[in-house]
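Colleague: Input: one structure, supplied below.
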Amino acid sequence: MRLLLLGDVVGEAGLVALERQLPSLRERLCADFVVVNGENASFGAGLFERDYRRILGAGADCVTLGNHWKAKPDILDWMEDADRLVRPRNLLGDPPGVGSLEFVPPLEGGRSLVVTNLLGTAFMREQVVDPWQSFLEAVDEFPDSIHIVDYHAESTSEKKLFAYQALGRASVVVGTHTHVKTDDAQVIRERTAFLTDLGLCGDESGVIGFDPERSLKKVREGDPSPFLPLIGAEAVLEGLLVELDDWTGVPLYLEDVKARCRIDG
Ligand SMILES: [Fe+2]
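So in this note's numbering, spot 109 of the sequence shown is number 541, and the numbers just go up one at a time.
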């Protein structure tokens, strides 16, 4: 099966780019299953239900989140019923929603897919449960499935170290959160497909998808207003295509994905 994994959607530019480009991208890449990180989709932080549905409508099968998972607090009202949404698994307490979600095999006769979202610990503000222990619980919960991990974290080395730990347990470990696509896609020891960061779905002329002028005001003058997603004439969709053996889950093929499209007019 062929999985397409796309990086953080930042604001309207990312949403429009998904709507305009994902259907043809999915077809061109012959992707059987698409995972999109949506934690910055709604005005740069968090996710409204309307935008969750836009991402699915564009062709995603699963939407993952991250440290901004409840930046739009009304998510607490609808996420329990969102059957394709995965929030970080290793949050403290017992928040609504799920941190691992099982999907029926995209191809007939294959094993089910389980997508898990984890928050990293280095340089992150959130207090979380140990991501490794949390992942092991996911493997115990779904012992016969092929495991895909969106490891949402700042630290590059933390992401790769997690992938090494997960060898043989996770077929795919991809990082999100930095909005900068890395050039290190690889299959680690012929067992786990890995990429440090999937990158950005949004306006790449900004700073990680945001308006640099607003960001400068925040940094230099302490402007308390939120970061502002940039939307110009063109946007990018960045991510990774991974082909897996349907039965063993072993990665067979990787392809970096970077698609641009006009979003004005
Ligand atoms: Fe994030």
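Quick reminder that beta carbons are idealized off the backbone N, C-alpha and C, glycines included.
Quick check: Arg-521 and Asn-549, are their CB atoms within less than 8 Å of each other?
Modeller: Result yes, Cβ atoms of Arg-521 and Asn-549 sit closer than 8 Å.
Colleague: I think Val-605 touches Ala-617, with their Cβ atoms under 8 Å apart; what is that distance to the nearest whole Å?
Modeller: Not a contact, Cβ separation roughly 11 Å.
Colleague: For ligand 1, is there any heavy atom lying closer than 7 Å to the beta carbon of Gly-552?
Modeller: no
Colleague: Please find out if some non-hydrogen atom of ligand 1 comes closer than 7 Å to the beta-carbon of Gly-498.
Modeller: Yes; taking the cut-off as 7 Å, the Cβ of Gly-498 has a heavy atom of ligand 1 nearer than that.
Colleague: Excluding sequence positions up to five away, which residues of its chain have a Cβ less than 7 Å from the Cβ of Gln-559?
Modeller: Leu-524
Colleague: Rounded to a whole number of angstroms, what is the C-alpha to C-alpha distance between Leu-698 and Gly-664?
Modeller: This structure does not reach residue 698, given that the chain is present from 433 up to 697, and the question cannot be answered.
Colleague: In angstroms, rounded to a whole number, what distance separates the CA positions of Val-571 and Asp-655?
Modeller: 44 Å
Colleague: Do Leu-545 and Pro-563 come within 8 Å of each other at the CB atom, strictly closer than that value?
Modeller: no
Colleague: From the DSSP output, in three-state form, read off Pro-644 for me.
Modeller: helix
Colleague: Closest to His-500 by C-alpha separation, out of Val-674, Ser-603, Gly-478 and Gly-631, would be which residue?
Modeller: Gly-478
Colleague: Does the beta-carbon distance from Gly-470 to Ala-667 come in below 8 Å?
Modeller: no
Colleague: Spell out a yes or no on whether the segment 674-687 and the segment 628-640 are touching, meaning 3 or more CB-CB pairs, one atom from each, closer than 8 Å.
Modeller: At 8 Å Cβ cutoff, the stretches do not touch.
Colleague: Looking at Glu-558 and ligand 1, is the gap between the Cβ and the nearest heavy atom below 7 Å?
Modeller: no
Colleague: From Asp-526 to Arg-452, what does the alpha carbon distance come to, in whole angstroms?
Modeller: 37 Å
Colleague: Taking C-alpha atoms, which residue in Leu-533, Ala-585 and Gln-565 lies nearest to Met-556?
Modeller: Ala-585
Colleague: Are there any heavy atoms of ligand 3 lying less than 7 Å away from the beta-carbon of Glu-645, as far as the coordinates show?
Modeller: With respect to small molecules bound, the structure shown includes ligand 1 and not ligand 3.
Colleague: What is the DSSP secondary structure of Asp-509, counted as helix, strand or coil?
Modeller: Assigned with DSSP and collapsed to three states, Asp-509 falls in helix.
Colleague: Looking at the unbroken beta strand (DSSP E) that takes in Gly-562, where does it start and where does it end?
Modeller: Before going further, note that residue 562 is Asp rather than Gly in the sequence given. Here Asp-562 belongs to no beta strand (DSSP E), and DSSP marks it neither H nor E.
Colleague: For Lys-690 and Pro-505, what's the separation of their Cα atoms in angstroms?
Modeller: 32 Å
Colleague: Glu-542: which of Asp-576, Val-518 and His-609 sits nearest, CA to CA?
Modeller: Residue 542 is actually Gly in this sequence, not Glu. Of the candidates Asp-576, Val-518 and His-609, Asp-576 places its Cα closest to the Cα of Gly-542.
Colleague: Closer than 7 Å: is that where the CB of Asp-670 sits relative to any heavy atom of ligand 1?
Modeller: One point to set straight first is that residue 670 is Glu, not Asp, in the sequence displayed. The answer is no for Glu-670.
Colleague: In whole angstroms, give me the CA-to-CA distance for Phe-659 and Phe-626.
Modeller: 30 Å
Colleague: With DSSP as the reference, identify every bridge partner of Tyr-596, one or two as the case may be.
Modeller: Answer is none; Tyr-596 lacks a bridge partner.
Colleague: Determine the direct distance from the alpha carbon of Asp-513 to that of Gly-529, and round the result to whole angstroms.
Modeller: 8 Å
Colleague: How long is the line joining the alpha carbons of Gly-531 and Asp-582, rounded to whole angstroms?
Modeller: 10 Å
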